[in-house]
Amino acid sequence: MDLLGSILNSMDKPPSISVSQKALMKIDTKKIPEEWCVVQLFSQDNTTIIPCMWLRSDKRSCDWPPYIAQEMVDQAIDECEEPTDDWISQHIVKLFASTVTYAEAIVEKDKAKLFLYKERELAEKERINNDDIHASGKTPRIISIQDVPTRPRKENREEFNKHKRDEAEALKSFREKVEREINSFLKDDFLKKYTFLPMDKVYRSVIHDVCDVANILAYSFGEDENDKHVVIFKKEYAPSEEQLSVLRKGGEWNEETAQKLQRQKIEQIKQKDLMCCQKGKRKVIPNSNYKDKYEHLIGKEAALEAAKKTEANSNYGCVPIQNKKDQRSIEQTLADIKEKKRKLQEQSANKND
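Going by the UniProt record's numbering, 67 is the number at position 67 of the sequence shown; the sequence numbering is gapless.
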């Protein structure tokens, strides 16, 4: 509130601004809307430069622009070592992108500034305590988490990138080693399979990837994660389903195991055929006859026993099929039609007379 009041009181008279800050204001006012203008820039000990407040001309109030982000200020604080006019003109756009308040900006600056001081102070305290412990013979003091200073983001980022590079190098060297082993395995005509040592899932995936490129078969076996290993086979010696089943259960595949499984398979086929034969010979005898249950509907006679030849009754005008057929030829039929027409014409002529 004191800062806000001082800024509002200084609106009648312009604040004292250095030459470099005036140059910055000329550059940066082109990047922002016209209704916003710079009120003050914070600078101290050549450590960093942070915009502290913005003045909204239409409301006569101090506020931060709504479109700025804190990550840009954090990045500028990490990168800023000895700011010069050239550095300011190149990086000031990053500094204007900040939603942090004036007090929070000072805290961010002081964290980087006081880290070295805290680290040295803790080291000095630890040295004094160790000297006292050696002199008194007491057990060493355990430092709490609150005593450990927060490391800057820049160092954490560097450590993370270094860790990623080390992992990538380790995977690259492991892949090259696997490629050499697989090449030697393919060149050996007497080897049918090759077993790798147990390893983590990441390294097993590398082996599977190399095997896909080399066009050979690879399978993972093992019950526990610590016992998981990869076995590769050549295409011409592809394992059967029985062999894969034995290896997945943790067993060992050899000639004795193969013969045992073959005998079991033959026994299963024989038992299956025997059961099918027994089912075919069995005669099903029902407990009751369904005709007895529906005797009141179908009677005692049904199906073939009840089928009888039906005969036509002449009293009801049934005409045999033989009598319904026309036995005339085509010529006779046409002659009959002409005769019928002629008779009709004669009858009509007689009526007219």
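Ideal Cβ placement from N, Cα and C applies to all residues, glycine included.
According to DSSP, His208 shares a beta bridge with no other residue. If only complete runs of 3 or more residues are kept, the stretch 248-296 shows no beta strand (DSSP E) anywhere. When the beta-carbon positions are compared, Phe233 and Leu217 come within less than 8 Å of each other. A buried status is given to Val230, since no fewer than 16 other beta-carbon atoms sit within 10 Å of its beta-carbon. With a cut-off of 8 Å on Cβ pairs, the stretch 197-208 is in contact with the stretch 165-184, counting three or more such pairs. Judged by beta-carbon spacing, Glu223 lies within the 8 Å limit of Gly250, meaning their Cβ atoms are closer than that value.
Where Lys193 is concerned, the enclosing beta strand (DSSP E) starts and stops at Lys193 to Thr195.
Going by C-alpha positions, Glu225 is about 58 Å away from Ile285. Per DSSP, reduced to three states, the secondary structure at Phe160 is helical.
A residue is called buried once 16 or more other Cβ atoms fall within 10 Å of its Cβ, and Val178 is buried on that count. It is roughly 35 Å from the alpha-carbon of Leu274 to the alpha-carbon of Tyr237.
Taken through DSSP and simplified to helix, strand or coil, Ala123 comes out as helix.
The C-beta of Ile337 has fewer than 16 other C-beta atoms within 10 Å across all chains shown, which makes the residue exposed. Ranked by Cα distance from Lys265, the first of Asn287, Glu241, Ile182 and Cys277 is Glu241. Distance from the CA of Glu295 to the CA of Asn289, rounded to the nearest whole angstrom, comes to 10 Å.
In the three-state scheme derived from DSSP, where H, G and I count as helix and E and B as strand, Ser220 is classed as strand. DSSP places Phe190 outside any beta strand (DSSP E), giving it a letter other than H or E. Under DSSP, Phe233 shares a beta bridge with Lys193 and Leu217. In its chain, beyond the 5 residues on either side, Ile182 have a beta carbon closer than 6 Å to the beta carbon of Ala214. Arg342 sits in a helix when the DSSP states are folded into three classes. Residue Ser220 holds the alpha-carbon nearest to the alpha-carbon of Val202 among Ile298, Ser220 and Lys293.
If you draw a straight line from the Cα of Asp188 to the Cα of Tyr194, it comes to about 11 Å. Straight-line spacing of the CA atoms in Cys276 and Gln262 works out to 21 Å.
The Cβ-Cβ distance between Arg175 and Val210 falls below 8 Å. When only Cα atoms are considered, Lys291 and Leu297 end up about 9 Å apart.
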